[in-house]
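A short write-up of the structure that comes next.
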Amino acid sequence: MNRYIELFLSAFCISFLLTPLVRKIALRLNFVSFPKDDRWHKNPTAIFGGVAIFLAVIIPLIYIFGFSNRQIIGFLIGSSIIFICGIIDDLKKLPPQVKILFQIIASCIVVYFGILIKPNPDYLALLPQALSKPIDLLIFPVTILWIIGITNAFNLLDNMDGLCAGIAGITSIMLFSSGILIGNITIPFLAVVLAGACLGFIPFNFNPAKIFMGDSGSMFLGFAISSVALMGTSARTFSNILVTLAVPVLILAVPIFDTALVTFMRSINGRSILQGGKDHASHRLVSLGLSEKKTVLLLYAISIIFGSVALAYSRLNILVVTVLVTLVIVVLVFFGMFLSEVKTYSNEREIEAARRKKISEGKVILNTLLLYKAQIATIIIDFLLICIAYYSAYLLRFDGIISDHNYNLLKTSLPWIIVIKLAVFYYFSLYRGMRHFTSVSDFISVFKAVGGGSVLSILFITFIFRFKDHSRVVFIIDWLLTLLFIAFSRFMFRFLEEYFQQYRPGRKILIFGAGACGELFLREIKSNKNLNYKPVGFIDDDKKKKGKQIHGVKILGARQDLAYYVKESRAEEVIIAVPSLKKEDCKDIVEACASLKIPCRSLAKIMDTEKWA
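Sequential numbering of the sequence shown, starting at 61, is according to the working numbering.
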């Protein structure tokens, strides 16, 4: 362990000491990134931070390994090619096809030196020869695609101060832990050096950034991490090749998620995937009201969660972890769907009009499906949740161990349960609701649909299979889990909207009237972003309501203390939401607001923006 600490500190110190020196030279030579419309930063910033990161990784590795390890030699040659490509791209923008060519060459080199996907030989031996040979042949192109994909994912991820370096550092720490757990010798050395280099760079790159890593840094980190992740596939003790590949995919969840989101959204909006833009996950989170620092820290947290789940594969029951993995992926998909609705393009209306025109002309079949993407995605997610619930019910009932007999029961009954439950869900209109307006009535529909689906499933299995050997407890647990999962999926959007509501910028207002009309107005504010209001409290003359809350907004007190509450909450406007309020009372409130020099309007006049005189 002392050797790992020495390597980490060496890489950290080299990166930490070299970065300000590189910055000084870059500024002197005018190697600076200036603000652009398709870039996020607002101030001229030095580039070539990737030089410090590259040297902080290469120097310790050469010192420790020299050129005796075949995989290390391939790693050094391949990563050097990518670094040189990045330097050239930072100096003079290279066409995308040239960068891809560099990446293919570098990937082929590391594959030649033995860094590639290596499924468990025992698993391949169990397969028929007709399957084992094609799988073996596919390993080479899949490895190349993996390295290129992750390299570009990190390149795309370098879109906000501290994001790429931080995620790379976290990923490296997770790879280090994974290497230790599986007993691999090479992975921990490479990963700990990468972690040290990234963490030494972060103090100069975190918001507000003093230097950017540039393509020389982001592509190098992506290439290095993707290569290190592949080294672990040969040492996995898992028998299933899909599980073997799941570990590096989970550890790299954030860059993969961001790339998938950007690719999907640009594709359906008719934009080039290769062009720059402010439409990444990080940019969408900032648009929701989060600060840049909170956005980066949130993505750090997501990376840590997925990395921790990946590490669980080495220690916990694989079946249980697989269920957990599927659940967190479903949550991440919901998060992606939520972020996809954030407006990031300046010409949203033109894009939507052009897309609808193509659809009406019958030119784009895929976009026709995308009109119903929410419903299609919901059905697919329900399908997954039904499977997870039924599978989890067996795991809980039999303490995590499913015998061959019970597995056969699960396998033969699950297809029918899926069909029955999805049909019942459709009958109860679970795919016709608007997720932004989910309410108690929707939960009642979910309760009826899940209950009806479970009852019909039991009746069907009793009729077809005589319920022979099936556990009744399994179906009770399945009903509870399905209810929990489906209800959660329906309220996920509301939860995310409520959470990000607190960060949304807007005009601070006090709502006079904590009754039905005030509550409806508050709901409209929360769902209608065009109103651009941020409620900071209610004012109501009913003393019994003081201190209580409506949808998270506190009822502060009566009108007599309006001046105090305006000052305390820094309200910029007062909205009267009491239709039955007498004219004399309205006049008193308007005069009080006038004395405080803040506008006052009635709810009836909000839409035509006429202020009370």
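Ideal Cβ placement from N, Cα and C applies to all residues, glycine included.
Note on residue 127: under 16 other CB atoms within 10 angstroms of its CB, so exposed under the neighbour-count rule. By a beta-carbon distance limit of 8 Å, residue 619 does not contact residue 658. Their separation comes to about 14 Å.
In the DSSP assignment, the residues bridged to residue 593 are 567. For residue 106, the secondary structure class from DSSP, reduced to helix, strand or coil, is strand.
For residue 635, the enclosing beta strand (DSSP E) stretches over residues 633-636.
The continuous alpha helix (DSSP H) containing residue 344 extends over residues 341-347. In the displayed model, residue 613 falls within a strand according to three-state DSSP. A straight-line Cα-Cα distance of about 8 Å links residue 317 and residue 396. Here the alpha carbon of residue 652 sits roughly 45 Å from the alpha carbon of residue 504.
When rounded, the separation of the alpha-carbon atoms in residue 313 and residue 287 is 16 Å.
The bridge partners DSSP lists for residue 92 are 106.
For residue 662, the enclosing beta strand (DSSP E) has its first and last residue at 660-662.
In terms of Cβ geometry, residue 105 and residue 271 form a close pair [threshold 8 Å].
For residue 402, there is no enclosing alpha helix (DSSP H), as DSSP marks it with neither H nor E.
The bridge partners DSSP lists for residue 598 are 571 and 615. Put simply, the stretch 231-242 touches the stretch 251-258. At least three CB pairs are less than 8 Å apart.
Counting C-beta atoms within 10 angstroms of its own C-beta, residue 79 has 16 or more neighbours from the protein chains shown and is therefore classed as buried.
Assignment of residue 177 by DSSP, reduced to helix, strand and coil, places it in the coil class.
Contact between the stretch 450-457 and the stretch 527-544 is established, with three or more Cβ pairs separated by less than 8 Å. In the structure shown, residue 240 falls within a helical segment according to DSSP collapsed to helix, strand and coil.
A check of alpha carbon separations from residue 68 across 490, 134, 285 and 257 identifies 257 as the nearest. For residue 268, same chain residues with a beta-carbon under 7 Å away, outside a window of 5 residues either side, are 221 in chain order. Using a Cβ distance threshold of 8 Å, residue 633 and residue 569 count as a contacting pair. Listed as beta-bridge partners of residue 271 by DSSP are 106. Residues 529 and 530 of the same chain have their beta carbon placed closer than 8 Å to that of residue 469, with the five preceding and five following residues left out of the count. A distance of 8 Å or more separates the beta carbons of residue 110 and residue 283.
For residue 360 and residue 352, the gap between their C-alpha atoms comes out near 12 Å. In the DSSP annotation of this structure, the continuous segment of the alpha helix (DSSP H) that includes residue 522 starts and ends at 500-525. The stretch 505-517 and the stretch 478-487 touch, with three or more beta-carbon pairs separated by less than 8 Å.
Contact between residue 259 and residue 356 is ruled out by a C-beta separation of about 14 Å, above the 8 Å threshold.
Rounded to whole angstroms, the gap between the alpha carbons of residue 115 and residue 133 is 16 Å.
Excluding its 5 nearest sequence neighbours in each direction, residue 322 has C-beta neighbours in its own chain below 7 Å: 216, 339 and 340, listed in chain order. Counting other Cβ atoms within 10 Å of its Cβ, residue 212 reaches 16 or more and is therefore classed as buried.
Contact check for residue 565 against residue 349 passes: the beta carbons are separated by less than 8 Å. In the structure shown, the three-state DSSP call for residue 465 is helix. Taken atom to atom, the span from the alpha-carbon of residue 640 to that of residue 493 is near 33 Å.
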